[in-house]
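**Student:**
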Amino acid sequence: MGGPASFWDTAGAVVLILWAVAMWVAVAVLAFASRRSVRPWLYRSSAGVIGLGIVGQIGHIQEHFAQAGYWVANSQSPPWMTPWGDGLARGMDQVDTSKPSLGMEILHLTGNFIFLAGLAGVVVITRRAMRTKARKWGKMGMWMQGIHGLEHLALTLSVALGAKQAIGLSTWFGLLEPGQGLWTYRIWWHFIANVVGSVIFGIAVWHLWHERHEVEATFQPHADVSAAGAHPAADAPSVDAPSADAVPVVSAARAGVAADAVTSDALSGQSTSA
18 MGGPASFWDT AGAVVLILWA VAMWVAVAVL AFASRRSVRP WLYRSSAGVI GLGIVGQIGH
78 IQEHFAQAGY WVANSQSPPW MTPWGDGLAR GMDQVDTSKP SLGMEILHLT GNFIFLAGLA
138 GVVVITRRAM RTKARKWGKM GMWMQGIHGL EHLALTLSVA LGAKQAIGLS TWFGLLEPGQ
198 GLWTYRIWWH FIANVVGSVI FGIAVWHLWH ERHEVEATFQ PHADVSAAGA HPAADAPSVD
258 APSADAVPVV SAARAGVAAD AVTSDALSGQ STSA
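With positions in the sequence shown counted from 1, the corresponding number in our numbering is that position plus 17.
(1) From which residue to which residue does the alpha helix (DSSP H) around residue 217 run?
(2) Should the region 71 to 87 be called in touch with the region 201 to 208, which here means at least 3 C-beta pairs below 8 angstroms?
(3) Given a threshold of 16 other Cβ atoms within 10 Å of its Cβ, counted over all protein chains shown, does residue 209 qualify as buried or as exposed?
(4) Does the region 149 to 160 come close enough to the region 93 to 110 to have 3 or more Cβ pairs within less than 8 angstroms?
(5) Hey, out of 167, 199, 26, whose CA is closest to residue 182's CA?
(6) Whose CA, out of 135, 119, 222, 220, lies closest to the CA of residue 178?
(7) Going by beta-carbon coordinates alone, are residue 173 and residue 126 separated by less than 8 angstroms?
(8) Under a three-way DSSP split, which group does residue 20 fall into?
(9) Can you round the beta-carbon distance between residue 131 and residue 70 to whole angstroms, since I take them to be within the 8 angstroms contact cut?
(10) Going by beta carbon distance, what residues of the same chain come within less than 8 angstroms of residue 236, once the five residues before and after it are set aside?
(11) Taking the alpha carbon of residue 196 as the reference point, which residue from 50, 217, 95 has its own alpha carbon closest?
(12) CA-CA distance, residue 52 and residue 139?
(13) What residue from 135, 122, 226, 151 has the CA that sits closest to residue 187's CA?
(14) With residue 156 as the anchor, note down where its alpha helix (DSSP H) starts and where it stops.
(15) Only counting the same chain, and skipping five residues up and downstream in sequence, which positions put a Cβ closer than 6 angstroms to that of residue 43?
(16) Taking its Cβ as the centre, do 16 or more other Cβ atoms sit within 10 Å of residue 167, making it buried, or is it exposed?
(17) For a test of the three-state rule: what should DSSP assign to residue 194, helix, strand or coil?
(18) So, for residue 37: in the same chain, excluding its five sequence neighbours on each side, which residues have a beta-carbon less than 6 angstroms away from its beta-carbon?
(19) Does the beta-carbon distance from residue 309 to residue 154 come in below 8 angstroms?
(20) Residue range of the alpha helix (DSSP H) that residue 85 falls in?
(21) Can you tell me the Cα-Cα spacing of residue 100 and residue 21, whole angstroms?
(22) Should residue 68 be labelled buried (16 or more other beta-carbon atoms within 10 Å of its own) or exposed?
(23) With a threshold of 16 other CB atoms inside 10 Å of the CB of residue 257, please say whether the residue is buried or exposed.
(24) Can you give the beta carbon distance from residue 27 to residue 162, rounded, assuming they're within the 8 angstroms contact cut?
(25) Take residue 136 as the anchor and find which of 165, 169, 116 has the nearest alpha-carbon.
(26) Since residue 103 is in the alpha helix (DSSP H), which residue starts that stretch and which ends it?
(27) Between the alpha carbons of residue 194 and residue 23, how many angstroms are there, rounded?
(28) Are residue 224 and residue 151 close, meaning C-beta to C-beta below 8 angstroms?
(29) When the Cα of residue 232 is compared with those of 88, 191, 142, which residue comes out closest?
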């Protein structure tokens, strides 16, 4: 990172951080609201969180592709960042300008938390569609990116707390000395982690698209149940009025009683005359 941060560097850094915070607030609200009621707006809002996660991860992973591509062409050179990535890192470095690598660590931490929020959106939207493939892949991505997110949290906190270099799995817990070995290992560690995570996210979204009708149905009120509950008499037979099938039976019974009465009167008359 070279040069002081410009207004646009700082503004972009603030917007990106607010983006990540807003996504996690939305995930928390949606997860809580979905436990209490079923509303169509929960489905649309969850889909919006997933969409923002997709956009964020596209921007995030292109940085890793650019870094890996630069390494292939210049493996002996220090790591490189795109101009926009470098600008955002300078903006985030305003947190503490005495630690030059802190801005870069915060940038990647923020990018991974946006990515993780998108995967959390998949898990939230499939909360009542437990057997969907989208949920299975979404939970798989949550586990993987959760570990990746903890890695970036460790890297960021170690630099913020004054470590000579970032401490995490991708730096062998700070044991790798700065140089080509550390650069190579860290660049490809995070490149592979992001590619695998993005593939899982993509598969989850692909299944979610194909299962969208099944998932959306879990957010709709059960209109058929409500209608049945509102008009119970419509489905139950009437007690006062006999059904059409019962009329012949009743008539036949009445005819039988009348015939018995006539026979009894006739016998009584014969007995009297005798």
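In this text, a Cβ means the ideal position worked out from N, Cα and C, and glycines have one as well.
Values in this document were obtained by computation on a predicted structure and should not be read as measured data.
**Tutor:** Judging by the given coordinates:
(1) Position 200 of the sequence shown holds residue 217. Per DSSP, residue 217 is one residue of the alpha helix (DSSP H) stretching across 197 to 227.
(2) yes
(3) Walking along the sequence shown from the start, residue 209 turns up at place 192. Answer is exposed; the Cβ neighbour count stays below 16.
(4) no
(5) One-based indexing of the sequence shown puts residue 182 at position 165. It is 199.
(6) Against the sequence shown, residue 178 aligns to sequence position 161. The candidate whose alpha carbon is nearest that of residue 178 is 119.
(7) Translated into the one-based positions of the sequence shown, residue 173 becomes position 156. Translated into the one-based positions of the sequence shown, residue 126 becomes position 109. Yes.
(8) Against the sequence shown, residue 20 aligns to sequence position 3. Coil.
(9) Mapped onto the sequence shown, residue 131 falls at position 114. Mapped onto the sequence shown, residue 70 falls at position 53. Right, their Cβ atoms sit about 6 angstroms apart.
(10) Indexing the sequence shown from 1 puts residue 236 at position 219. Residues 55, 56, 57, 59, 60, 145 of the same chain have their beta carbon placed closer than 8 angstroms to that of residue 236, with the five preceding and five following residues left out of the count.
(11) As a working note, residue 196 is residue 179 in the sequence shown. The shortest C-alpha separation from residue 196 is found at 95.
(12) Numbered from its first residue, the sequence shown carries residue 52 at position 35. Numbered from its first residue, the sequence shown carries residue 139 at position 122. Cα to Cα, the separation comes out at about 16 angstroms.
(13) Numbered from 1 along the sequence shown, position 170 holds the residue referred to as residue 187. Nearest option by C-alpha distance: 122.
(14) As a position in the sequence shown, residue 156 is number 139, starting the count at 1. First-last of the alpha helix (DSSP H) with residue 156: 150 to 177.
(15) Position 26 of the sequence shown, counted from the start, is the residue given in the question as residue 43. Counting only Cβ-Cβ distances below 6 angstroms, and skipping sequence neighbours, we find 66.
(16) Residue mapping note: residue 167 aligns to position 150 of the sequence shown, counting from 1. Looking at its Cβ environment, which holds fewer than 16 other Cβ atoms inside 10 Å, residue 167 is exposed.
(17) Within the sequence shown, numbered from 1, the residue matching residue 194 stands at position 177. Note: residue 194 maps to coil in three-state DSSP.
(18) Against the sequence shown, residue 37 aligns to sequence position 20. Once the five neighbours on either side are set aside, the close Cβ partners of residue 37 are 127, 130, 131.
(19) Residue 309 lies beyond the residue range present for the chain, which begins at 18 and ends at 291; the question has no answer from this structure.
(20) What you label residue 85 is simply residue 68 of the sequence shown in a count that begins at 1. Looking at the DSSP string, the run of the alpha helix (DSSP H) that includes residue 85 is 57 to 90.
(21) Translated into the one-based positions of the sequence shown, residue 100 becomes position 83. Translated into the one-based positions of the sequence shown, residue 21 becomes position 4. Those two C-alpha atoms are separated by around 14 angstroms.
(22) In the sequence shown, the residue the question calls residue 68 occupies position 51. The residue is exposed, with fewer than 16 neighbouring Cβ atoms inside 10 Å.
(23) Numbered from its first residue, the sequence shown carries residue 257 at position 240. For residue 257, the predicted structure reports a pLDDT of 46, less than 50, and the residue's modelled location is therefore unreliable. A value from the coordinates is still provided. Classification of residue 257: exposed, given that the 10 Å Cβ count is below 16.
(24) Along the sequence shown, one-based indexing puts residue 27 at 10. Along the sequence shown, one-based indexing puts residue 162 at 145. In fact, because the Cβ distance is near 28 angstroms, the residues do not count as touching under 8 angstroms.
(25) Sequence index remark: in the sequence shown, residue 136 carries index 119 (1-based). Among 165, 169, 116, the Cα nearest to that of residue 136 is on 165.
(26) What you label residue 103 is simply residue 86 of the sequence shown in a count that begins at 1. Unbroken alpha helix (DSSP H) run through residue 103: 100 to 109.
(27) As a first step, residue 194 must be located in the sequence shown, where it is residue number 177. As a first step, residue 23 must be located in the sequence shown, where it is residue number 6. Between the alpha carbons of residue 194 and residue 23 lies a gap of roughly 32 angstroms.
(28) Reading the sequence shown from its first residue, position 207 is the one you call residue 224. Reading the sequence shown from its first residue, position 134 is the one you call residue 151. Yes; because the gap between Cβ atoms is below 8 angstroms, this pair is in contact.
(29) Start at 1 with the first residue of the sequence shown, and residue 232 comes out as number 215. Of the listed residues, the one whose Cα sits closest to residue 232 is 142.
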